[in-house]
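Protein chains in written order, with the numbering used here: chain A, 5 to 217; chain B, 2 to 285.
Glycine included, every Cβ here is placed at the ideal spot set by N, Cα and C.
In structure tokens form, the structure reads like this:
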């Protein structure tokens, strides 16, 4: 069950690294014109912790694990497995949803932390190889720019996203009607709904956390 | 515990409508301890819906179903759970959990509802699988065994808690004749020896006459005929004769109407082409 998270790790790592590199390159390009390359680490760090980390990792997990959960539960629904559990007096929510819920609630924030590290590492690669930073300089600037709230806010977001993703996925799966076609539709619907809900929530949370709304 | 005289199942004036159409139209009957009731009837006659009301997974439009003297139609999930622990259900497809092995499937109700140790559970699982002729299959996944085997595992799982009452949805369809006989004998042994009560939904007339102590034939949501196997066999009702003898010509209409068909298939209405010959066929 917890393999929801562990098997996603390589994909998360690659994505986070690419994002870190991209962020650093774009930041460097823009900031160079102002003669302010010194702020590249700040930008990479803050953007990753606050926004890109939680959002992108959530996107991956929605596509990978959210859809898998919806499809799995949906298949169980159409093959009478859910009904069989009920008739055996086993609550399908307790038996099937709770473990997935917990796995998601643990793994999404964990993956996000991992993604943050790797993204910052990507930024480091650009700064030391292409810009005139040394490792110590990069790390110092990065740590200076971010405070713990940046990290915590990202973690809170990530936990909220986990809740959204798994709720939507389980709900879609358990309400499948009409065979294999229904499973497909529920899976698609769960991905689309989870993505939208996650992005809107992100905007709201950013507003609350950083602009005191 | 109810004595022999008290009914285990009481179905009273049960009506279930989908929209305007009554799938179950005022059905009443009782099942007593030790009986094996076979419910038969053509596709779409309401057999499965009736069964789902008896196990508490569907709520009727009106009427009541009492199992062990308790009305399952008005219970909340927790109360139904208490009743469900006392009966077993064999689904048409077996309904095994695909992520668990055969052994784990049979062990599942034991783990959930008893305090037995892992060793004791393993013994019970082995014994139940032996009863259905599947010794040594514990570690296979449901995907690795045939449909008939899945069904037998489903039966082993339904019997895991030694239920007082067993519901079976087409227990013998998809089984070879020998395995059908084995499953029938098992049902007979349990109902005679352990005073288990069985409610079996079946198309298989050979098997039905072998195990039934009483039979009910459904048609269009109501009871067409009921009685002992002998009474059914000698019934003068032409619908019953057509059904038990499996004849294509007779009083039972061959087709469902278009909207009944749609209801069962969950597809959108399509204009029908020929009003005179609306044969029931599966939508592609």
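Kindly give me the distance between the Cβ atoms of residue 155 of chain B and residue 96 of chain B, rounded to whole angstroms, as I take these residues to be in contact under 8 Å.
The beta carbons of residue 155 of chain B and residue 96 of chain B sit about 6 Å from each other, so the pair counts as a contact at 8 Å.
Per-residue DSSP class, three states only, for residue 176 of chain B
coil
By a C-beta neighbour count over all protein chains shown, 10 Å radius and 16 as the cutoff for buried, is residue 54 of chain B buried or exposed?
buried
Option in A:176, A:187, A:192 and A:165 with minimal Cα separation from residue 203 of chain A:
A:165
Taking the alpha carbon of residue 46 of chain B as the reference point, which residue from B:250, B:232 and B:203 has its own alpha carbon closest?
B:203
Cα-Cα separation, residue 47 of chain A to residue 40 of chain A:
11 Å
Between which two residues does the beta strand (DSSP E) containing residue 27 of chain B stretch?
22-33
Hey, out of A:155, A:83 and A:64, whose CA is closest to residue 183 of chain A's CA?
A:83
Stretch pair the stretch 59-66 of chain A + the stretch 96-107 of chain A: three plus CB contacts closer than 8 Å
no
Mind checking residue 212 of chain A: buried by the 16 CB within 10 Å criterion, or exposed?
exposed
Check distances from the C-beta atoms of the stretch 88-100 of chain A to those of chain B and list, in chain order, the residues that come in under 9 Å.
88, 89, 90, 91, 92, 93, 94, 95 and 99
Pull up the DSSP beta-bridge partners for residue 63 of chain B, would you.
B:16
Go through its chain and collect everything with a Cβ distance to residue 143 of chain B's Cβ below 6 Å, but skip five positions before and after it.
Shown here for residue 143 of chain B: same chain residues with a beta carbon closer than 6 Å to its own, the five before and five after excluded, namely 97, 99 and 151 in chain order.
C-beta contact flag for residue 174 of chain B and residue 93 of chain B at 9 Å
yes
Kindly say whether residue 109 of chain B, judged by its beta-carbon, lies nearer than 9 Å to any beta-carbon of chain A.
yes
Just verifying my parser: in three-state terms, what is the DSSP assignment at residue 159 of chain A?
helix
Name, please, each residue of chain A whose Cβ falls closer than 7 Å to the Cβ of residue 141 of chain B.
None at all; the shortest Cβ gap to chain A is about 17 Å.
Proximity test, Cβ basis, 9 Å: residue 251 of chain B and chain A
Not an interface residue.
Here's a check: name, in chain order, each residue in its chain whose Cβ is nearer than 6 Å to the Cβ of residue 59 of chain A, leaving out the five neighbours to either side.
206
Nonlocal neighbours in the same chain, by C-beta distance under 8 Å from residue 155 of chain A, ignoring five residues either side
Excluding residues within five positions, the ones whose Cβ falls inside 8 Å are 53 and 120.
Per DSSP, which one or two residues make a beta bridge with residue 72 of chain B?
B:67
Around the C-beta of residue 106 of chain B, are 16 or more other C-beta atoms found within 10 angstroms, so that it is buried, or is it exposed?
buried
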